[in-house]
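>
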Amino acid sequence: MVLETMSHIFRKLKRKKSADKANENGYVAPKPARRWERRKRREEKMDREKKEHITQTKISPWLQLCGDPRERQAMALYSLSGDEKSGELDVEQGDHLTIESINRSDLWLEVCNDRTNKLGYLPRNFITEETGIDDVLDAWFDVDRRNSEYKLLMADHPSGTYLLRPSSNPFRVALSVLSVIGSKRTVKHFMIKYNRTTNSYYISPKRTFNNLKDLLDHYKKSELSDPLPRYPPTIQSRHFWIPASQLDLKAHLSKGGRFGSVYRGIFRVSTQKAVVIKKLSAIQNTDLIIKCARDCHKLQNHALVQFLGLSVTSPAEAYLLVWEYMPGGNLKDYLVNNHSDIEYSKLQHWLHQVLDGMDYIESAEYFHGELKAENVFLSHDLCVKLGNFGFNGHFGRSIDLTPGKIFNSVIFTSSLS
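Residue numbers (the numbering used here): 23 to 439.
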């Protein structure tokens with residue numbers, strides 16, 4: 023008992039001595055915190071560290087990049103032969119570019135090709151602003167973590183298939199690798215760090231590499247196989263109206279419904295691209311068609327079938343809706359034909375992609391009008407996209423949009439489907 027009392031006295035004297043010494047410099051030591059006060063201080067410290075981390079990794083780099091809003095370095099992901107008459111630019115894969123456009127959200131950006139020193143327009147989805155990936159362009163995808171998992175898991179790719187993508191940290195690159203063990207398919211993500219002092223890349227600091235290609239070549243000896251196949255994205259038309267001379271109708275796909283006929287065709291814009299051309303039946307309210315088409319032309323998202331533009335045929339004055347071609351067909355037919363081979367995890371990924379599309383449509387203050395499996399389409403890598411949005415067949419009459427009417431209409435449409 024005496025020892026405990028003496029130790030308490032010594033601790034108190036030592037605390038008082040340190041407090042007196044600190045007071046000489048104008049510093050007042052905080053009182054010993056109770057348990058709930060220590061917890062509160064820890065939480066406040068964590069909040070400060072989190073804010074500092076966001077400032078250092080997100081806000082500060084963003085402000086640095088926005089320091090000169092008219093110029094930014096970029097690189098061509100794909101080769102493209104542009105139409106010089108319309109101001110488009112010729113580029114080859116890997117060309118270094120300088121972005122001149124002020125508005126980075128435009129579908130086409132004004133850029134300067136550093137190789138040819140020519141100025142012109144390029145589709146935004148044909149370029150990347152990531153630096154240091156010259157020798158690994160074939161493996162680069164401008165996608166986030168979740169979309170990288172969609173691309174790797176949807177099709178039957180072998181184990182070791184990989185892709186490189188941007189990281190949440192602007193000074194790092196992420197490596198996503200498909201792992202197949204028996205029937206279990208998972209995607210593993212690795213952070214590739216860059217050391218500015220030694221100008222080297224590494225996953226583990228024990229082994230560094232001069233560039234990303236050397237890093238990938240090293241891990242190909244054990245874990246990696248081939249990069250995920252990459253396909254050029256759909257080129258959005260620069261202008262809303264598409265001349266009928268740029269469209270070739272090839273194969274007749276279907277007839278009837280709110281579209282008079284549906285064709286698979288070719289859209290000759292920069293490159294010949296397969297498209298779906300939907301010819302509208304006789305419609306009285308043409309102003310509403312044009313308004314819906316203009317609104318759809320502004321929407322661009324990885325989970326939406328791209329609406330490319332509107333055209334009018336000269337003799338019959340029929341309206342042609344030009345859409346991105348989806349080689350996998352619609353989701354309803356795929357489910358009917360492959361219902362025994364579809365894994366539950368794949369259904370979950372499809373559901374998330376549909377939700378991503380609907381979330382984007384809502385954020386753009388737009389609507390779909392007829393969401394069902396027949397209006398969900400599959401791409402070449404078996405990722406799903408929402409199609410036929412906006413043109414819901416009500417061009418010739420007004421619609422009651424009160425909440426009760428909307429609910430009854432949805433229930434009625436679902437029962438018919």
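We put the CB at the ideal spot given by N, CA and C, even for glycine.
1) Within a Cβ cutoff of 7 Å, which residues of the same chain sit near Phe417, ignoring the five residues on either side of it in sequence?
2) Note the first and the last residue of the continuous beta strand (DSSP E) segment covering Lys354.
3) For Glu132, which residues does DSSP report across the bridge?
4) Please give me, in chain order, every unbroken run of the beta strand (DSSP E) with length at least 3 that falls completely inside the region 157-210.
5) Classify Glu74: buried if its beta carbon has 16 or more other beta carbons within 10 angstroms, exposed otherwise.
6) To the nearest angstrom, report how far apart His374 and Lys272 are at their CA atoms.
7) Name the one or two DSSP bridge partners that Ala395 has.
8) Ends of the alpha helix (DSSP H) at Thr308?
9) The alpha helix (DSSP H) spanning Glu384 covers which residue range?
10) Is the region 354-370 touching the region 315-328 in the sense that three or more CB pairs, one from each, lie closer than 8 Å?
11) Out of Ile383, Met380, Glu365, state which residue places its alpha-carbon closest to the alpha-carbon of Ala177.
12) Give me the DSSP bridge partner(s) of Gln95.
13) Rounded to whole angstroms, what is the Cα-Cα separation between Tyr224 and Ala315?
14) Give the DSSP-derived three-state secondary structure of Arg60 in the structure shown.
15) Is Arg70 helix, strand or coil by DSSP?
16) For Arg207 and Ala196, which I take to be in contact (beta-carbon distance under 8 Å), what is that distance rounded to the nearest angstrom?
17) By the three-class DSSP mapping on this structure, what secondary structure does Leu324 have?
18) Could you please give the first and the last residue of the uninterrupted beta strand (DSSP E) stretch that includes Lys243?
19) Per DSSP, what are the beta-bridge partners of Tyr347 in this structure?
20) Use the C-beta contact count for Pro145: other C-beta atoms within 10 angstroms, 16 or more gives buried, fewer gives exposed.
21) Helix, strand or coil for Ser222? Go by DSSP, reduced to three states.
22) How would you label Phe429, buried or exposed, when you count the other beta carbons within 10 angstroms and need 16 or more for buried?
23) Which of the three DSSP states, helix, strand or coil, is assigned to Leu234?
24) Apart from the five residues just before and just after Asn232, which ones in its own chain have a Cβ nearer than 7 Å to its Cβ?
25) Alpha carbon to alpha carbon, how far is Thr256 from Gly391?
26) Starting from Phe329, follow its DSSP beta bridges and name the residues at the other end.
27) Let me make sure I understand the geometry here. Which of Asp166, Lys210, Thr230 has the alpha-carbon closest to that of Asn217?
28) Is it buried or exposed for Leu119, if we count other Cβ within 10 angstroms and need 16 for buried?
29) Do you know offhand how far Ser170's Cα is from Leu185's?
30) Sorted by chain position, which residues of the same chain lie with C-beta nearer than 8 Å to Ala340's C-beta, five sequence neighbours on each side aside?
31) Can you tell me the Cβ-Cβ gap for Met348 and Lys407, rounded? I've got them flagged as a contact below 8 Å.
32) Take Leu404 and list the residues in its own chain whose beta-carbon comes closer than 7 Å to its own, dropping the five residues that flank it on each side.
33) Short of 6 Å in beta carbon distance, which residues of its chain neighbour Asn397, apart from the five on each side in sequence? Order them along the chain.
34) Determine the direct distance from the alpha carbon of Lys243 to that of Phe389, and round the result to whole angstroms.
35) For Tyr253, count neighbouring Cβ atoms within 10 angstroms of its own Cβ and tell me buried if that reaches 16, exposed if not.
Straight from the coordinates:
1) Stepping through the sequence shown from its first residue, residue 417 is reached at position 395. Interpretation of Phe417 is limited by its pLDDT of 47, a score under 50 that renders its predicted location unreliable; no figure is taken from the coordinates.
2) Locating residue 354 in the sequence shown gives position 332, where the first residue counts as 1. That residue, Lys354, is in no beta strand (DSSP E); its alpha helix (DSSP H) goes 353-360.
3) Here the question's residue 132 lines up with position 110 in the sequence shown. BP columns for Glu132 point to Tyr143.
4) 184-188, 195-203
5) Along the sequence shown, read from residue 1 onward, the residue named residue 74 stands at position 52. Burial call: exposed.
6) Here residue 374 refers to the residue found at position 352 when the sequence shown is read from its first residue. Here residue 272 refers to the residue found at position 250 when the sequence shown is read from its first residue. Their backbone Cα atoms lie some 34 Å apart in a straight line.
7) Position 373 of the sequence shown holds residue 395. Note: Ala395 sits in no beta bridge, so no partner.
8) Within the sequence shown, the letter at position 286 stands for residue 308. Residues 308-319.
9) On the sequence shown, residue 384 is found 362 positions in, with the first residue counted as 1. First-last of the alpha helix (DSSP H) with Glu384: 366-385.
10) no
11) Here residue 177 corresponds to residue number 155 of the sequence shown, with the count starting at 1. Considering only alpha carbons, the answer is Glu365.
12) Numbered from its first residue, the sequence shown carries residue 95 at position 73. The partner list for Gln95 (beta bridge, DSSP) reads Thr120.
13) For this step, residue 224 is matched to residue 202 along the sequence shown. For this step, residue 315 is matched to residue 293 along the sequence shown. Rounded to whole angstroms, Tyr224 to Ala315 spans 48 Å at the Cα level.
14) Translated into the one-based positions of the sequence shown, residue 60 becomes position 38. Arg60: helix per DSSP, three-state reduction.
15) Looking up residue 70 in the sequence shown gives position 48. In the structure shown, Arg70 adopts helical secondary structure according to DSSP, grouped into three states.
16) Your numbering for residue 207 matches position 185 in the sequence shown. Your numbering for residue 196 matches position 174 in the sequence shown. Going by Cβ atoms, the distance from Arg207 to Ala196 rounds to 19 Å, so no, they are not a contact pair.
17) For the purposes of this step, residue 324 is taken as residue 302 along the sequence shown, with counting starting at 1. Residue identity check: residue 324 is His in the sequence provided, not Leu. DSSP places His324 in coil when its eight states are reduced to three.
18) For the purposes of this step, residue 243 is taken as the residue at position 221 of the sequence shown. Element bounds for Lys243: n/a, residue is neither H nor E.
19) Position 325 of the sequence shown, counted from the first residue, corresponds to residue 347. In DSSP, Tyr347 forms no bridge with anything.
20) Taking the first residue of the sequence shown as 1, we reach residue 145 at position 123. The residue is buried, with at least 16 neighbouring Cβ atoms inside 10 Å.
21) Locating residue 222 in the sequence shown gives position 200, where the first residue counts as 1. It is a strand residue.
22) Translated into positions along the sequence shown, residue 429 becomes position 407. In this prediction, Phe429 scores a pLDDT of 41, lower than 50, which makes its location untrustworthy; the coordinate-derived value is nonetheless stated afterwards. Classification of Phe429: exposed, given that the 10 Å Cβ count is below 16.
23) Mapped onto the sequence shown, residue 234 falls at position 212. Residue state, collapsed to three classes: helix.
24) Against the sequence shown, residue 232 aligns to sequence position 210. So the list reads Ser222, once near-sequence residues are dropped.
25) The residue given as residue 256 occupies position 234 in the sequence shown. The residue given as residue 391 occupies position 369 in the sequence shown. If I take the Cα positions, the gap works out to 24 Å.
26) Within the sequence shown, residue 329 is the residue found at index 307, counting from 1. In the DSSP output, where bridge partners are listed per residue, Phe329 has Trp345.
27) Locating residue 217 in the sequence shown gives position 195, where the first residue counts as 1. Shortest Cα-Cα distance from Asn217 to any of Asp166, Lys210, Thr230 involves Thr230.
28) Looking up residue 119 in the sequence shown gives position 97. Buried is the call here.
29) If you number the sequence shown from 1, residue 170 lands on position 148. If you number the sequence shown from 1, residue 185 lands on position 163. Their backbone Cα atoms lie some 8 Å apart in a straight line.
30) As a position in the sequence shown, residue 340 is number 318, starting the count at 1. Closer than 8 Å at the Cβ level, and outside the excluded window around Ala340, lie Gly282, Lys301, Leu302, Val334.
31) Within the sequence shown, residue 348 is the residue found at index 326, counting from 1. Within the sequence shown, residue 407 is the residue found at index 385, counting from 1. Between Lys407 and Met348 the Cβ distance is about 7 Å, and since that is below 8 Å, they are a contact.
32) Against the sequence shown, residue 404 aligns to sequence position 382. Closer than 7 Å at Cβ, skipping near neighbours: Met176, Ala177, Gly350.
33) Position 375 of the sequence shown, counted from the first residue, corresponds to residue 397. If we look at Asn397 and ignore the five residues flanking it on each side, its Cβ neighbours are Gly409, Asn410.
34) Counted from its first residue, the sequence shown places residue 389 at position 367. Counted from its first residue, the sequence shown places residue 243 at position 221. Distance between the alpha carbons of Phe389 and Lys243: 49 Å.
35) As a first step, residue 253 must be located in the sequence shown, where it is residue number 231. Per the 10 Å Cβ criterion, exposed.
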